[in-house]
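Each position in the sequence shown, counted from 1, maps to that position plus 204 in the working numbering. All C-beta atoms, glycine included, are put in the ideal place defined by N, C-alpha and C. Fair warning: this is a prediction, and the values are worked out from it, not measured in the lab. Worksheet: one structure, shown below.
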Amino acid sequence: GGAIPCTRLDRLAADDARLAYLRARTYGLAPLGPARSAALVWRVRRRDAVPVAFDAVNGAARLLLLGHVSPDGNALGSALAVGLAIEAMPGERHVEVSFGDDPFVVPDNLSWMPGQHLLVPPHEVHPNPDVVLTFDASSIDRLGLLRQVAESAPLLVAVDHHRSYDDFATLPLVDVSAP
């Protein structure tokens, strides 16, 4: 974990080391090997993680936002709120929000939350999103049926606050001091 493939972020070509070096310096990235999925892999400095994540979201055509299985208000509310924010951004993007349960049922106490038009059952999720963002999931197992889709994404961003977070994402945005 802790590394991001730059194929989507910077359009870095693995065979152009000079361009990679210049882009890495521009974005404040430090090289980390080996390559993942034939892409250059980089470790993002903590202070640069949010701008890098924003750039990735802004440049993505297809995004999948995931709460953990048996979602609570923290997981589902965060995914839906970010989904609505992305939907409101200029440009064309396809945004799906889901969680890896079967049956796929929104808990009654969360049915009031706005953005539910973005919800997609796990078996209908596009299998190849450009970026996957997870919310309130401290481990990859908490993604349930959507674990494989998340693991195969070019960029996997984890937004979490648990001390038990196990560093599964390529770009972790984890603040254990957040409530």
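According to DSSP, simplified to helix, strand and coil, what is residue i?
i: R367; result: coil
i: V329; result: coil
i: R394; result: One cannot answer for residue 394 here, as it falls past the ends of the chain, which runs 205 to 383.
i: T230; result: Low confidence applies to T230: its pLDDT is 47, below 50, so where it sits in the model is not reliable, and the reading given next is rough at best. T230: helix per DSSP, three-state reduction.
i: V286; result: helix
i: E296; result: coil
i: V301; result: strand
i: V380; result: coil
i: S343; result: coil
i: D306; result: coil
Going by C-alpha to C-alpha distance, which of the options sits closest to residue i?
i: D334; options: D345, A357, D312 and I344; result: A357
i: P307; options: E300, S315, V273 and S282; result: V273
i: E328; options: M317, V261 and L268; result: L268
i: E296; options: P255, Q320 and G263; result: G263
i: N313; options: P275, A260, Q352 and D371; result: P275
i: Y369; options: G287, L359, A292 and D345; result: D345
i: G304; options: F372, Q352, V254 and P383; result: Q352
i: Q320; options: G287, D252 and H298; result: G287
Evaluate residue i with the Cβ neighbour count: other Cβ atoms within 10 Å of its Cβ, from every protein chain shown; 16 or more gives buried, anything less gives exposed.
i: F258; result: exposed
i: P158; result: In this structure the chain extends from 205 to 383, so residue 158 is not present and cannot be described.
i: R367; result: exposed
i: G277; result: exposed
i: P294; result: exposed
i: S315; result: exposed
i: V309; result: exposed
i: S302; result: buried
i: S342; result: buried
i: D379; result: exposed
i: L233; result: Confidence in L233 is poor, its pLDDT being 49 and thus under 50, which makes the residue's placement unreliable; the coordinate value appears in the next sentence. So L233 counts as buried.
i: P326; result: buried
i: S381; result: exposed
i: A265; result: exposed
i: V254; result: exposed
i: A260; result: buried
i: A292; result: exposed
i: L375; result: buried
Using DSSP's beta-bridge definition, name the partner residues of residue i.
i: P311; result: Paired residues: none, contrary to the question.
i: T338; result: L270 and A362
i: L375; result: V361
i: L323; result: V301
If residue i and residue j are in contact, beta carbons under 8 Å, what's the gap, nearest whole angstrom?
i: L270; j: V361; result: Going by Cβ atoms, the distance from L270 to V361 rounds to 10 Å, so no, they are not a contact pair.
i: F339; j: A289; result: So it is not a contact: roughly 13 Å between Cβ atoms.
i: L377; j: V363; result: 5 Å
i: L322; j: L350; result: Contact flag wrong, Cβ pair sits at about 15 Å.
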